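Worksheet: the structure to be examined is printed underneath.
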C-alpha cells in the first residue's frame, strides 16, 4: 500500500459525458502527478501540481483539466469523453515538486462506451 | 517519439536464474532513471533507481546498470523468484522536465517455478 488513494476504482460512462477522478496523496506529500495508461502502453504524464499550483504539463488534452485543493487532494476532470479516453488513470505523489521518486495509487479504470 | 523504449514486451525465466530487463533512452537530458514493478489491478511500485553520475546501483537481489554512452540501462534480478512475475517499467526524469517521469511501455516478466 503506497498510501496514495484514488476513487473511484472503476468508472463506466458514455461518449460526450464528463467525469471527475479523485486522488489523495500520501500524508506529507505536496506534489501530485496524473498519468494515463492506455491499453498495452506505458504511462503518459498528464499534469503535475505542487502545493496547489500547476507545476508541469505533459500531453494533456484541452478537454481535460485538474486542480489541487488546499487539503492537497487533487481532481482530474475529463469532459466531452471519447472512446479513446478509455484508459487507466494513475495518480502519484511525492514529497516536494522536484523529487525523483513518486508513489502511485491503484488507479481508476475509465471505460467510455 | 518514444524517448524511453523497452523493446522486449515479455521475458520468461526459470526460478533461481537471472532475469535481465533492458531499456534504451534517447533524451540526453535525462539524469535519473527508475524501475517500477506493476502487478495487475495495482499501481506501479518503485523498485530501484540510479542517478546518471553512477553506473551501478544494487539493492538486494536487484541491480541496475547504466551505460550513458550507449543510453542504455538494465535491471538484473538474481535469483529470480515466482513472486517477481509482474510488468516492469523503466522510467526516466530530468530537471528541465520538472521531474515528470517518462515511462517505457513495459516488459512482462514471468518466472517459472
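Chains as they are written, first to last, in my numbering: chain A, 919 to 1031; chain B, 72 to 184.
Glycine included, each C-beta is placed from N, C-alpha and C at the ideal position.
Being a predicted model, the structure only gives us computed values, none of them experimental.
Using DSSP bridges, identify the partner residues of residue i.
i, result
"residue 954(A)", "962(A), 1007(A)"
"residue 179(B)", "81(B), 158(B)"
"residue 143(B)", "95(B), 138(B)"
"residue 1029(A)", "930(A)"
"residue 995(A)", "938(A), 983(A)"
Just confirm the distance between the C-beta atoms of residue i and residue j, as a whole number of angstroms; I'd bet it's less than 8 Å.
i, j, result
"residue 148(B)", "residue 136(B)", "So it is not a contact: roughly 12 Å between Cβ atoms."
"residue 968(A)", "residue 949(A)", "5 Å"
"residue 102(B)", "residue 119(B)", "So it is not a contact: roughly 16 Å between Cβ atoms."
Take the Cβ of residue i as the centre, count every other Cβ of all protein chains shown within 10 Å, and call the residue buried at 16 or more, exposed below.
i, result
"residue 164(B)", "buried"
"residue 87(B)", "exposed"
"residue 975(A)", "exposed"
"residue 78(B)", "exposed"
"residue 127(B)", "exposed"
Establish whether the CB of residue i and some CB of chain A are separated by less than 8 Å.
i, result
"residue 103(B)", "yes"
"residue 160(B)", "yes"
"residue 129(B)", "no"
"residue 173(B)", "yes"
"residue 164(B)", "yes"
Measure the Cβ-Cβ separation of residue i and residue j and say whether it is below 8 Å.
i, j, result
"residue 182(B)", "residue 75(B)", "no"
"residue 170(B)", "residue 952(A)", "no"
"residue 94(B)", "residue 175(B)", "yes"
"residue 966(A)", "residue 973(A)", "yes"
"residue 1006(A)", "residue 1025(A)", "yes"
"residue 105(B)", "residue 159(B)", "no"
"residue 994(A)", "residue 1003(A)", "no"
Are any of the Cβ atoms in chain B nearer than 8 Å to that of residue i?
i, result
"residue 952(A)", "no"
"residue 966(A)", "yes"
"residue 993(A)", "no"
"residue 1005(A)", "no"
"residue 984(A)", "no"
"residue 945(A)", "no"
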